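Under the working numbering, the first residue of the sequence shown carries the number 79, and numbering increases by one thereafter.
See below for the structure under consideration.
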Amino acid sequence: MTGTRALDRFGFPVRWAIDFRRARHAFGQVTSALSPADRIGLDAARLLLDGDARGAVDLLAGRAPQAFRDLFNLATAYEHLGDGSAAGKAFDAARAADGDRLAALAARRTTREANLVLPFPVTTGGMRVQVDLARALVEFGYEVTVVQVRGDDAREVPGADAFRDVVAVSGHPELTDRLRASPAALTVVGCWVDYLPALRAGNSAVVGFSGGEPTLNESDGFDEDFLAYRFDAHRLPVGLMTCSRFIQDIYRDVFGRVSHYVPAAVDDRAFHTGPRPADRPFRVLLMAWDGVGDKGLSFAVPALENLRRRGLDIEIVWITPHAPEVFVDLACELHVDPPRARLFEVLRSCHALVYPPLVDGLGLPPVEAMAAGVPVVVTESGGSAEFAAPEVNCVVVEKGSVAAIEHAVERLYRDPALARELAEGGRREAERYRPSRSRSQLRQLLAADRPIVCTDIA
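Below, the structure is given as structure tokens:
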């Protein structure tokens with residue numbers, strides 16, 4: 079990973095900002111060239127994806143649509159509303175406009191091919207959830223192609239040989255071309271910046287899937303043009319899915335969209351609790367990279383060092399995906415990008431996890447710790463509200479507060495009964511994130527009889 083000076087405040091390489099600017103420029107060029115009729119047609123497609131067939135009919139029916147996309151979607155909307163006569167007439171008109179396109183859309187119901195557009199390196203937050211989604215699709219009988227846009231490490235993930243293909247592309251034109259070569263029932267896109275090039279491929283239903291990518295979670299520090307770009311991208315006719323109720327709220331409240339929830343799956347190995355470690359030293363685990371400011375290590379590390387200076391027998395254990403950038407001299411047991419099996423061994427050897435992000439879409443480390451029976455200290459970071467029940471399964475502290483983290487860890491240090499109580503509550507909560515439950519909800523979502531929507535865009 080590149081040094082800190084080449085990273086932005088999210089820990090993203092600065093070169094990605096150039097990529098985002100190019101994407102924003104291309105987005106503006108494409109959308110500004112749309113005719114008023116095209117804009118209405120795409121709005122109607124979005125309404126259909128969000129389950130508003132009546133709204134789609136209201137947009138399309140009164141303007142005598144001519145484009146295949148609009149005729150097909152009007153027919154689909156009528157069909158959804160139970161108006162078979164109107165649906166039949168609209169389907170006949172769509173067939174006359176482009177019979178081959180109609181047949182291609184119908185074929186989506188039977189194909190078992192899918193694409194995953196992975197936006198960042200796998201070590202970036204949230205990407206493991208997306209790769210796990212691709213593995214689930216393979217388990218369900220899909221042939222999955224993984225297309226990575228800003229990284230090239232997806233070939234190295236465990237189980238990558240189960241995918242039909244894993245390819246890296248250098249930008250949006252290449253992404254569109256690659257997806258055109260991979261017609262599929264479903265193309266899952268992991269970052270909103272890549273929605274438009276996926277739609278332009280024109281041969282798959284496109285679903286945006288977010289686990290909490292920070293340019294979606296946050297608005298502070300972005301200029302008005304960027305925020306407008308983000309809003310407009312989410313108004314494209316893309317289905318939306320997430321593993322976070324917090325992100326669902328953002329989709330609804332910020333973008334006016336309907337989304338589907340599939341819980342993240344915690345690795346089954348996390349649930350294998352082992353013998354408890356000796357009472358002292360009291361091992362406190364950190365799981366984040368210090369090159370990313372919003373992970374909150376700048377508050378957790380001083381809190382733990384304060385406790386040590388006060389004479390508490392605290393041992394810091396640190397698991398990080400990359401070598402330290404800030405706390406390079408921290409006295410700790412350091413594990414850099416350990417294998418997953420080793421990660422869970424280290425987790426089970428600890429007395430507490432401190433997970434202090436300033437903002438997070440969900441945060442798998444605390445749920446993994448709960449599964450392992452390790453008490454958790456977590457901040458009020460948005461996504462944590464999904465699993466964090468204060469004083470029931472964890473200690474919740476104010477974000478950005480060294481004193482609050484220090485006090486919470488000291489409570490667990492001095493009160494083993496509290497630690498055991500929170501660990502038991504955490505285990506119960508973690509059961510909701512068993513892979514079997516996540517797979518079951520995803521299977522139900524894929525099996526649901528939702529209308530096929532034509533989302534053709536220039």
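Backbone N, C-alpha and C define an ideal beta-carbon position, used for all residues, glycine too.
All figures in this text were calculated on a predicted structure; none of them were measured in a lab.
Contact under 7 angstroms by Cβ, residue i with residue j
{"i": "Pro315", "j": "Thr109", "result": "no"}
{"i": "Val235", "j": "Val195", "result": "no"}
{"i": "Thr24", "j": "Pro529", "result": "With the chain covering only 79 through 536, there is no way to say anything about residue 24."}
{"i": "Leu520", "j": "Ala214", "result": "yes"}
{"i": "Thr223", "j": "Asp243", "result": "yes"}
{"i": "Val43", "j": "Ala276", "result": "As displayed, the chain neither begins before 79 nor continues past 536, which places residue 43 out of reach and without an answer."}
{"i": "Leu440", "j": "Gly280", "result": "no"}
{"i": "Ile328", "j": "Val362", "result": "no"}
{"i": "Ala525", "j": "Pro434", "result": "no"}
{"i": "Leu436", "j": "Gly374", "result": "yes"}
{"i": "Arg190", "j": "Gly237", "result": "no"}
{"i": "Ile397", "j": "Met448", "result": "no"}
Cross-strand partners of residue i (DSSP beta bridge)
{"i": "Asn193", "result": "Thr223 and Thr265"}
{"i": "Met365", "result": "Ile397"}
{"i": "Ile392", "result": "Phe360"}
{"i": "Asp136", "result": "The partner list for Asp136 (beta bridge, DSSP) is empty, contrary to what the question assumes."}
{"i": "Ala246", "result": "Gln226"}
{"i": "His338", "result": "Met319"}
{"i": "Ala447", "result": "For Ala447, which the question treats as bridged, DSSP gives no partner whatsoever."}
{"i": "Val284", "result": "Thr265"}
As assigned by DSSP and simplified to three states, the class of residue i
{"i": "Glu411", "result": "strand"}
{"i": "Asp438", "result": "strand"}
{"i": "Arg83", "result": "At Arg83, the pLDDT of 43 sits below 50, so the modelled position is not reliable; the number obtained from the coordinates is stated separately. Arg83: helix per DSSP, three-state reduction."}
{"i": "Ala430", "result": "strand"}
{"i": "Asp346", "result": "helix"}
{"i": "Ala65", "result": "Shown here, the chain extends from 79 to 536; a query on residue 65 therefore has no answer."}
{"i": "Pro468", "result": "strand"}
{"i": "Thr457", "result": "strand"}
{"i": "Val379", "result": "helix"}
{"i": "Ala508", "result": "helix"}
{"i": "Val108", "result": "helix"}
{"i": "Val474", "result": "strand"}
{"i": "Ala172", "result": "helix"}
{"i": "Ala123", "result": "helix"}
{"i": "Ala481", "result": "helix"}
{"i": "Ala279", "result": "helix"}
{"i": "Ser462", "result": "helix"}
{"i": "Phe198", "result": "coil"}
{"i": "Gly503", "result": "helix"}
Practice prompt. Tell me, please, whether the segment 452 to 462 touches the segment 423 to 439 by the rule of three or more beta-carbon pairs shorter than 8 angstroms.
Written response: yes
Practice prompt. Decide yes or no for the touch test of the segment 147 to 155 against the segment 166 to 176: beta carbon pairs closer than 8 angstroms, at least 3 of them.
Written response: yes
Item to complete: Could you tell me whether the segment 459 to 478 touches the segment 383 to 400, where touching means 3 or more Cβ pairs closer than 8 angstroms?
Response: no
Item to complete: Mind listing, in chain order, the continuous beta strand (DSSP E) runs of no fewer than 3 residues lying wholly within the segment 286 to 324?
Response: 317 to 320
Item to complete: Check whether the segment 109 to 123 touches the segment 496 to 516, taking contact to mean three or more Cβ pairs, one atom from each stretch, closer than 8 angstroms.
Response: no
Fill in: Touching by the beta-carbon criterion (3+ pairs, under 8 angstroms), the segment 292 to 307 and the segment 469 to 483
no
Discussion item. Would the segment 288 to 302 count as touching the segment 319 to 328 if we require 3 or more Cβ pairs under 8 angstroms?
Written reply: yes
Worksheet entry | the segment 416 to 423 / the segment 344 to 363 touching (three or more Cβ pairs under 8 angstroms) | yes
Worksheet item: When the Cβ atoms of the segment 399 to 419 are set against those of the segment 486 to 506, are three or more pairs found closer than 8 angstroms?
Response: no
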